[in-house]
Structures are given as structure tokens and as C-alpha cells.
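> Here the sequence shown stands for residues -8 to 515, numbered as in my numbering. In this text, a Cβ means the ideal position worked out from N, Cα and C, and glycines have one as well. Please read all numbers here as calculations on a predicted model, not as lab measurements.
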Amino acid sequence: MKLNFRVVLLIAAAVFGILFSIPSLTQSQHGAKVTLGLDLQGGLHLLLGVKTEEAVNSQLKSVASGIKNFTEKNDILIDGLSVEEGTVVFSALDAEDKAKIDEHLKTIHGAAVKTSGESYSVSFKPEEVEKLKTQSVDQAIETIRNRLDQFGLAEPVVARQGVDKILVELPGIKTQQEEQRARELISRAAKLELMAVDEDRSMRVNDLSDAEAATYGDKILEDALQPKIKHLVNEIPILDGTMLTDAHVGYDQNNRPVINFSLNSAGAQIFGDFTGKSVGKRLAIVLDGKVYSAPVINERIGGGSGQISGNYSVAEANDLAIALRSGALLAPIYMLEKRSVGPSLGADSIKASSLALVSGFVLVLIFMVMYYGLAGVIANLAVVINIFIILAMMALLGATLTLPGMAGIVLHIGLAVDANIIINERVREQIRLGIGLKRALQEGYSKAMRAILDSNITQIIACTILYVYGTGAIKGFAVTLSMGILASMLTAIVGTYGIFQLFTNRIEKSKNYKLWFGMTRKVN
-8 MKLNFRVVLL IAAAVFGILF SIPSLTQSQH GAKVTLGLDL QGGLHLLLGV
42 KTEEAVNSQL KSVASGIKNF TEKNDILIDG LSVEEGTVVF SALDAEDKAK
92 IDEHLKTIHG AAVKTSGESY SVSFKPEEVE KLKTQSVDQA IETIRNRLDQ
142 FGLAEPVVAR QGVDKILVEL PGIKTQQEEQ RARELISRAA KLELMAVDED
192 RSMRVNDLSD AEAATYGDKI LEDALQPKIK HLVNEIPILD GTMLTDAHVG
242 YDQNNRPVIN FSLNSAGAQI FGDFTGKSVG KRLAIVLDGK VYSAPVINER
292 IGGGSGQISG NYSVAEANDL AIALRSGALL APIYMLEKRS VGPSLGADSI
342 KASSLALVSG FVLVLIFMVM YYGLAGVIAN LAVVINIFII LAMMALLGAT
392 LTLPGMAGIV LHIGLAVDAN IIINERVREQ IRLGIGLKRA LQEGYSKAMR
442 AILDSNITQI IACTILYVYG TGAIKGFAVT LSMGILASML TAIVGTYGIF
492 QLFTNRIEKS KNYKLWFGMT RKVN
């Protein structure tokens, strides 16, 4: 009895599967392990909506801010700069400056510019509006993913669902406190703006309505620490968080947590120019529409750095710094659906699915041995190796095992056995023709191969579609099923054939086809 390359390959696959499955099965601290999904270990499921229209408005404000900085830097006088109903409007006070303004407006990507005398209106073209809406969802997905990665969660799922919705699954969230922190970190806009305080009208801020403030190009904002205090600031910010390069937690002179932030070179230049010509005036540091501080500018501030102070705990300050570093959301998000899966429910899911897996597996093993004899034992061995290979591949690839994923494994057991049944039936047919066992094996495997390949390729295509277009749970099912299909191609077609080749002479000598194939030899 001499080992052939097929048996060697099967042994190598078995060693690989067992070796890399051990950490997952024993929950060892060493080696790669299969990560359990939300439904198996508990956690938080969120479905978020994105207010994509706000992304367009936010971008228009950035355009207005750019126009303001450009005109101030070039000593161009304009009047009435504001954002009204999806359009930036302003007027040039000197007709000779129109050429410079026109050149600047040409640099704004996707802008539609209309002029009437000295008046300008700047909006976005329809295709640019759709592009901005799509980008706002993509950016929200990336930003949320970055925030959660820094939060330290293992294997969070963040995926687009539909046009303007985002699915977030956070396995391992076990307490109300963790859930609250995660939700705040996800939903926080983290929109940082530096805005000039309107010194001329600030004394009357409590008497002004929002509509009246808007006529002056201003808006009224609450104080973050004392909501009863109002601040009157220019509607167009001097700069915003898009120019932020870093944010980290520090401590002030009273040892209270603060957030120190740094700006890029362009932001530092704008910040330095503004503070240089605004000595004695106040600058409001605004985060998510609330004023955290409005210090008086005593001198030009170079270097492009600043500080946000507030009544933070260390954890809150750290979460805010994470949100700022990850970037502001271009559009606000809102909660559409929230589901919490407790760890006990996850444990129940594991117990129930494991019972189904083991029960189904044992019944299949018994059937195969009773109906196909030793050929059934060989098929069962191939299926066992199959499961080890699936677990090993999932561990090495960092895949997440979900409840649908376990259903995929259960389904695959049936499919893998089905492949072995096709092979055994084809081999039986050839044996009954009396052509000799060696040739019967060749013909049987050859004929079975076509049906098995056709079935497996079809299933792989279906799994690919499910993975590309499905959500987290559906993807888990597609991953485990496709891994099982690939593994069964090795074990059922290559491995079992090698084992039969190993015992061909012994089977021929014994003539005991009932023991080996569960049949009585009938030769035509």
C-alpha cells in the first residue's frame, strides 16, 4: 500500500484544518481565531439614515467661506454674502473687481454661476448635487468605520444599505454604558468651525430673532456649557474642520481635560491672517452648532493650533478627539432602527445552532455508513476534514461567524454529502457493469465530476451575488457556504479518490463490495 499524491494532499489539508481550528475551538489566547458575529456574542445593531441635503448646504457654506477669504485677502469689497435656499448670493461693490471674482468662481468645481449687474448667485449643477449626496453617504461610512476602529471594537460592520442608509453592527457591546458611548461616537457630527463674533450687535443678541440675525449675515448659537447664554456670530465661518490635521486630549492649568487641535498649512495661514487683523475682538470656537468658548484675541496666533475646553470627563474628551481626528460628517445622520442582542441571547443562539449542527451531522454520518459501508466512512472523513478547513480559513482570513453563517455550514454538510453520494452511486453503476474496480473508480469519478462541478460553480456564483449585494448576515451565510464548496472540491473529488486508490487491490482481492460500497456485486 503506497501513498499517492491525492492522499498526501488530503492529509496536508486535514493537518492545516485541525492546526488552525484549534485556537477557535479551545478559545486559546494564541493564534488566529474565528470572530463571532453580533447574533452569537451579543451587541448592537443600528440602521442609520443620512440627511444628504445637508451635505449640499454644508458644501455651499464652504464655498461662501472660500469667497469671503478670497475677497478679504485681495482687498475686494463685497456685500450681502449669505447662503439662501441652496444658493450663495453676494454683490461686488466695485465693478472693477468683477474680473478677479469671476476668475475665482471658475475654480469652484461643479458650480453654476449667474450674474446680474454686480450681483452673483452661485449654486451647484444638478449632477454635482447628486455626486455630493452620494459622497456624503460614502464619507459617513468611512468616518464611522474610522471612529469605531479607534474606539477599539473588534470586527464592526459598517455598510451601505440602499441609497442613503447605513447598517452598523457592533459585536461585543454588552453594557448600556458601552452602547451609549458607541451611539454618541457614531452620531456626533464633530463639525468644528471657527467663527467671528459680531461685536457690533452682540449686546442685543437676546432681543434678536433668528430671522433678524440672518438679515445681518449672522446666526444665534447656544453656549455649550450654559445654554441660556446666546452668542451672535457671523454665519460664514472663518474656517472649518476640513482643515484639521490632529486632535488629542490634554489638560488645562486646572488639570481639566481639554482637546488640543492643529490645522493644516492653509488653515494656519487663514487663522493667522484673521487673528492678526482682529486683535481685541472675539473668536467663537463652535462644535456641532454650539459655542464652547469665545476668547478675546490678544495677538496674532500663528502655528495653526487651538484648544476646545468644556466640562468633559476624560472618556468624553477622548471620544470627542477620536471624532475630530476621524473627520466631521458631511451630512447629519439619524437613527432609523436599533436592536440590542444581549450576551445571554447570543449564548442561546450558539447552543441552539451547535445542537442543530451536531445533530444533523451525526444523522448524516449514520446514514452514510449504513447505506454505503466503508465508502460512507470515507465520505464522512472527508466531511469532517471539510469543517476543519472552513474554520481554519475563516480564522486566517479574519472572517466573522454569524448565525446565518452556521446555517451555511449546516447546509454545506448536506451538499458535501450529496457530492459523495453522487460519486458512490456512479462508482456502483460502473462496478455492476463488471469493468473492474480500478476502471470503475475512474469512470465513476469522471461521470460524477461533471454534475458536481456544474452544481458547485452555480452555487459559487450565487454566493458571490449574495456577498456583493447582501448585508452582514447574508454575507456571513455566503462566506461559509462558498468556503465549504471550495473545501469539498478538494476533499470529495481529490481526497476520497486517493483513499480508494490506496485500497483498490485489497478491495479486488476481498470481493466484498457490500462491506466497501454497501452493495452486492452484480455483473451484466
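Roughly how many angstroms separate the alpha carbons of residue 56 and residue 208, rounded to a whole number?
In the sequence shown, counting from the first residue as 1, residue 56 sits at position 65. In the sequence shown, counting from the first residue as 1, residue 208 sits at position 217. Between residue 56 and residue 208, the C-alpha separation is close to 12 Å.
> How should residue 154 be labelled, buried or exposed, when 16 other C-beta atoms within 10 angstroms of its C-beta is the threshold for buried?
Within the sequence shown, the letter at position 163 stands for residue 154. The residue in question, residue 154, is exposed, as its Cβ has fewer than 16 Cβ neighbours within 10 Å.
> Starting from residue 329, trace the beta strand (DSSP E) in both directions and tell me its first and last residue.
As a position in the sequence shown, residue 329 is number 338, starting the count at 1. Element bounds for residue 329: 324 to 332.
> In three-state terms, what does DSSP make of residue 242?
To locate residue 242, count along the sequence shown from 1; it is residue 251. Residue 242 falls in the strand class under three-state DSSP.
> Among residues of its own chain, excluding the 5 on either side of residue 514, which ones have a beta-carbon nearer than 6 Å to its beta-carbon?
Residue numbering aside, residue 514 sits at position 523 when the sequence shown is read from its first letter. For residue 514, the predicted model reports a pLDDT of 48, less than 50, meaning its position is unreliable and no value from the coordinates is stated.
> In the DSSP assignment, find the beta strand (DSSP E) that holds residue 151 and state where it starts and stops.
Stepping through the sequence shown from its first residue, residue 151 is reached at position 160. Its beta strand (DSSP E) spans residues 148 to 152.
> Residue 251 and residue 519 - do their beta-carbons sit closer together than 7 Å?
No answer is possible for residue 519: the residues shown for the chain start at -8 and end at 515.
> Under the assumption that residue 302 contacts residue 216 (Cβ atoms under 8 Å), give the Cβ distance between them as a whole number of angstroms.
Here residue 302 refers to the residue found at position 311 of the sequence shown. Here residue 216 refers to the residue found at position 225 of the sequence shown. About 6 Å separates the CB atoms of residue 302 and residue 216; that is less than 8 Å, so the two are in contact.
> Can you say whether residue 117 is buried or exposed, counting buried as having 16 or more other CB atoms within 10 angstroms of its CB?
As a working mapping, residue 117 is identified with position 126 in the sequence shown. Exposed.
> Among 20, 332, 15, 229, whose alpha-carbon lies nearest the alpha-carbon of residue 62?
Along the sequence shown, one-based indexing puts residue 62 at 71. Here the closest residue by C-alpha is 229.
> Near residue 440, what residues of its chain come up, given a Cβ to Cβ distance below 8 Å and the 5 sequence neighbours on each side ignored?
Translated into positions along the sequence shown, residue 440 becomes position 449. Beyond the five residues adjoining it in sequence on each side, residue 440 comes within less than 8 Å, by CB distance, of 484 in the same chain, given in chain order.
> Rounded to whole angstroms, what is the Cα-Cα separation between residue -4 and residue 393?
Residue numbering aside, residue -4 sits at position 5 when the sequence shown is read from its first letter. Residue numbering aside, residue 393 sits at position 402 when the sequence shown is read from its first letter. Residue -4 and residue 393: Cα-Cα distance of roughly 36 Å.
> Quick one: give me the first and last residue of the alpha helix (DSSP H) that residue 12 is part of.
Locating residue 12 in the sequence shown gives position 21, counting from the first residue. In the DSSP assignment, residue 12 falls within the alpha helix (DSSP H) that extends over -4 to 17.
> With distances taken Cα to Cα, identify the nearest neighbour of residue 26 among 423, 390, 414, 255.
For the purposes of this step, residue 26 is taken as residue 35 along the sequence shown, with counting starting at 1. With distances taken between Cα atoms, residue 26 lies closest to 390.
> My parser needs the alpha helix (DSSP H) runs of 4 or more residues fully inside the segment 176 to 249; what are they?
201 to 206
> What residue from 82, 488, 275, 508 has the CA that sits closest to residue 518's CA?
Residue 518 is absent from the model: the chain starts at -8 and stops at 515.
> Looking only at its own chain, which residues have a Cβ that is under 7 Å from the Cβ of residue 381, when we skip the five neighbours before and after it?
Position 390 of the sequence shown holds residue 381. Cβ neighbours of residue 381 beyond the five flanking positions: 400, 471, 474, 475, 478.
> By the three-class DSSP mapping on this structure, what secondary structure does residue 251 have?
Counting from one through the sequence shown, the residue named residue 251 turns up at place 260. The answer is strand: DSSP assigns residue 251 an E or B state.
> Return helix, strand or coil for residue 311, following the three-state DSSP convention.
Within the sequence shown, numbered from 1, the residue matching residue 311 stands at position 320. If DSSP states are grouped into helix, strand and coil, residue 311 belongs with the helices.
> Please tell me whether residue 385 and residue 371 are closer than 7 Å, where the distance is taken between their beta carbons.
As a position in the sequence shown, residue 385 is number 394, starting the count at 1. As a position in the sequence shown, residue 371 is number 380, starting the count at 1. Contact flag unset, no.
> Buried or exposed: residue 12, going by 16 or more other Cβ atoms within 10 Å of its Cβ?
Residue numbering aside, residue 12 sits at position 21 when the sequence shown is read from its first letter. By the neighbour-count rule (16 or more Cβ atoms within 10 Å), residue 12 is buried.
> Could you give the first and the last residue of the continuous beta strand (DSSP E) run that contains residue 70?
Stepping through the sequence shown from its first residue, residue 70 is reached at position 79. Per DSSP, residue 70 belongs to the beta strand (DSSP E) from 69 to 75.
> Strictly by DSSP, which residues pair up with residue 281?
The residue you call residue 281 lines up with position 290 of the sequence shown. For residue 281, which the question treats as bridged, DSSP gives the partners 213, 278.
> Answer yes if the segment 286 to 306 comes into contact with the segment 1 to 8, meaning at least three C-beta pairs across the two stretches below 8 Å, and no otherwise.
no
> Taking C-alpha atoms, which residue in 357, 448, 320 lies nearest to residue 123?
As a working mapping, residue 123 is identified with position 132 in the sequence shown. Restricting attention to 357, 448, 320, the CA atom closest to the CA of residue 123 is found in 320.
> If residue 231 sits next to residue 165, beta carbons under 8 Å apart, how far is it from one beta carbon to the other, in whole angstroms?
As a first step, residue 231 must be located in the sequence shown, where it is residue number 240. As a first step, residue 165 must be located in the sequence shown, where it is residue number 174. Rounded, the Cβ-Cβ distance is 37 Å, inconsistent with contact.
> In chain order, what residues of the same chain have a beta carbon less than 7 Å from the beta carbon of residue 397, not counting five sequence neighbours either side?
Mapped onto the sequence shown, residue 397 falls at position 406. 344, 348, listed in sequence order.
> Look at the alpha carbon of residue 289 and the alpha carbon of residue 234, and state the distance between them as a whole number of angstroms.
Stepping through the sequence shown from its first residue, residue 289 is reached at position 298. Stepping through the sequence shown from its first residue, residue 234 is reached at position 243. Rounded to the nearest angstrom, the two C-alpha atoms are 23 Å apart.
> On a CA-only basis, which of 93, 342, 331, 437 is nearest residue 167? Give me that one, please.
Along the sequence shown, one-based indexing puts residue 167 at 176. Of the listed residues, the one whose Cα sits closest to residue 167 is 331.
> Comparing alpha-carbon positions, which option in 443, 442, 438, 418 lies nearest residue 516?
Residue 516 is absent from the model: the chain starts at -8 and stops at 515.
> Look up residue 514 in the DSSP assignment and say whether it is helix, strand or coil.
On the sequence shown, position 523 is the one that residue 514 refers to. Below a pLDDT of 50, predicted positions are generally treated as unreliable, and residue 514, at 48, falls in that range; the measurement from the model is reported next regardless. Here residue 514 sits in coil by DSSP.
> Whether or not the segment 155 to 163 and the segment 253 to 272 are in contact is what I'm after, with contact meaning three or more pairs of Cβ atoms, one per stretch, closer than 8 Å; do they touch?
no
> Under 7 Å, do residue 219 and residue 211 count as touching if we go by C-beta distance?
As a working note, residue 219 is residue 228 in the sequence shown. As a working note, residue 211 is residue 220 in the sequence shown. No. Outside cutoff.
> Ignore the nearest five residues each way along the sequence and tell me which others in residue 15's own chain have a CB closer than 6 Å to its CB.
Your numbering for residue 15 matches position 24 in the sequence shown. Result list for residue 15: 24, 25, 382, 386, in chain order.
> Just the Cα atoms here: how many angstroms apart are residue 364 and residue 395?
Residue numbering aside, residue 364 sits at position 373 when the sequence shown is read from its first letter. Residue numbering aside, residue 395 sits at position 404 when the sequence shown is read from its first letter. If I take the Cα positions, the gap works out to 33 Å.
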